[in-house]
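Residue numbers (the working numbering): 71 to 301. Input: a single structure, listed below in structure tokens.
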């Protein structure tokens with residue numbers, strides 16, 4: 071019985087961190103808000119790992135995980151986006167960023183019903199959306215660099231669309247580590263490191279924008295490789 075509780079407890083820690091992130095933004099502490107989203111992502115990784123190691127995977131755990139992710143990777147990043155946009159634009163424009171938690175909820179509900187998304191994703195994963203806004207928050211607070219507020223608003227809509235679209239996105243849960251089939255992923259990871267070294271947190275945010283592009287390239291090349299191997 072205790073084994074079944076452990077993964078769900080870790081998931082609730084994820085949700086708690088997302089809720090604390092939102093409250094940090096109420097007091098204007100964007101750095102702590104971003105940090106709690108990162109901690110939530112760590113809990114999100116370990117709850118699934120714990121469930122697999124303890125052999126206690128369940129439908130209850132899957133649904134609870136999605137509910138936590140809506141808060142930590144949907145609402146909390148949207149609050150960061152709102153804080154950034156509302157600092158330069160009227161509130162009635164900034165409210166537009168809240169399409170993101172709605173898109174995150176849709177994406178997670180669809181994910182729970184689609185058994186094919188084990189090693190690749192259909193649409194952008196919600197933690198990737200969260201990483202984008204965490205990187206922008208830290209770029210603004212630590213480096214004083216931020217894209218124009220109108221561009222941020224457009225990017226929030228773009229992120230919402232990417233979460234609910236049917237485009238395939240690669241996962242880092244790689245089964246085949248061969249260069250031939252995974253070279254695009256390896257190149258992308260190298261680009262992520264390079265952009266972070268060169269441009270800091272803004273470069274990290276830019277690497278998230280490149281993720282759908284590299285995913286498209288990856289599956290185009292992978293499909294060609296599979297067809298060639300069958301001939």
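Idealized CB from N, CA, C, for every residue including glycine. Model, not experiment: these values are computed from the prediction.
In whole angstroms, what is the alpha-carbon distance linking residue i and residue j?
i, j, result
"residue 177", "residue 205", "22 angstroms"
"residue 216", "residue 174", "24 angstroms"
"residue 83", "residue 96", "20 angstroms"
"residue 250", "residue 236", "25 angstroms"
"residue 108", "residue 114", "10 angstroms"
"residue 138", "residue 85", "4 angstroms"
"residue 105", "residue 202", "13 angstroms"
"residue 233", "residue 135", "17 angstroms"
"residue 144", "residue 230", "9 angstroms"
"residue 119", "residue 179", "21 angstroms"
"residue 290", "residue 190", "14 angstroms"
"residue 210", "residue 267", "17 angstroms"
"residue 226", "residue 245", "32 angstroms"
"residue 103", "residue 295", "43 angstroms"
"residue 269", "residue 262", "10 angstroms"
"residue 252", "residue 125", "29 angstroms"
"residue 286", "residue 254", "10 angstroms"
"residue 75", "residue 98", "35 angstroms"
"residue 200", "residue 242", "17 angstroms"
"residue 247", "residue 288", "14 angstroms"
"residue 101", "residue 161", "22 angstroms"
"residue 170", "residue 228", "9 angstroms"
"residue 172", "residue 279", "20 angstroms"
Using DSSP's beta-bridge definition, name the partner residues of residue i.
i, result
"residue 149", "Residue 149 is not bridged to any residue."
"residue 239", "191"
Out of the options, state which residue places its alpha-carbon closest to the alpha-carbon of residue i.
i, options, result
"residue 168", "141, 182, 184 and 158", "141"
"residue 181", "133, 214 and 143", "133"
"residue 163", "203, 172 and 151", "151"
"residue 158", "118, 292, 144 and 219", "219"
"residue 302", "239, 166 and 172", "Since the first and last residues shown for the chain are 71 and 301, residue 302 lies out of range."
"residue 197", "291, 293, 275 and 98", "275"
"residue 207", "91, 87 and 75", "91"
"residue 257", "281, 269 and 273", "281"
"residue 149", "286, 79, 94 and 255", "94"
"residue 273", "252, 213, 125 and 123", "213"
"residue 147", "111, 124 and 252", "111"
"residue 260", "161, 100, 248 and 277", "277"
Between residue i and the ligand GDP, is the CB less than 7 angstroms from at least one heavy atom?
i, result
"residue 107", "This structure lacks the ligand GDP; in fact it carries no ligand of any kind."
Apart from the five residues just before and just after residue i, which ones in its own chain have a Cβ nearer than 7 angstroms to its Cβ?
i, result
"residue 89", "141"
"residue 184", "192"
"residue 117", "77, 80, 81, 84 and 135"
"residue 73", "124 and 126"
Taking 6 angstroms as the limit between beta carbons, can you name the residues of its chain near residue i, skipping five residues before and five after?
i, result
"residue 222", "154 and 155"
"residue 166", "223"
"residue 195", "none"
To which residues of the same chain is residue i closer than 8 angstroms at the C-beta, ignoring the five residues directly before and after it?
i, result
"residue 121", "77, 127, 128 and 131"
"residue 87", "106, 107, 109, 110, 113 and 142"
By the 10 Å Cβ neighbour count, where 16 or more other Cβ atoms means buried, how is residue i classified, buried or exposed?
i, result
"residue 283", "exposed"
"residue 264", "exposed"
"residue 292", "buried"
"residue 271", "buried"
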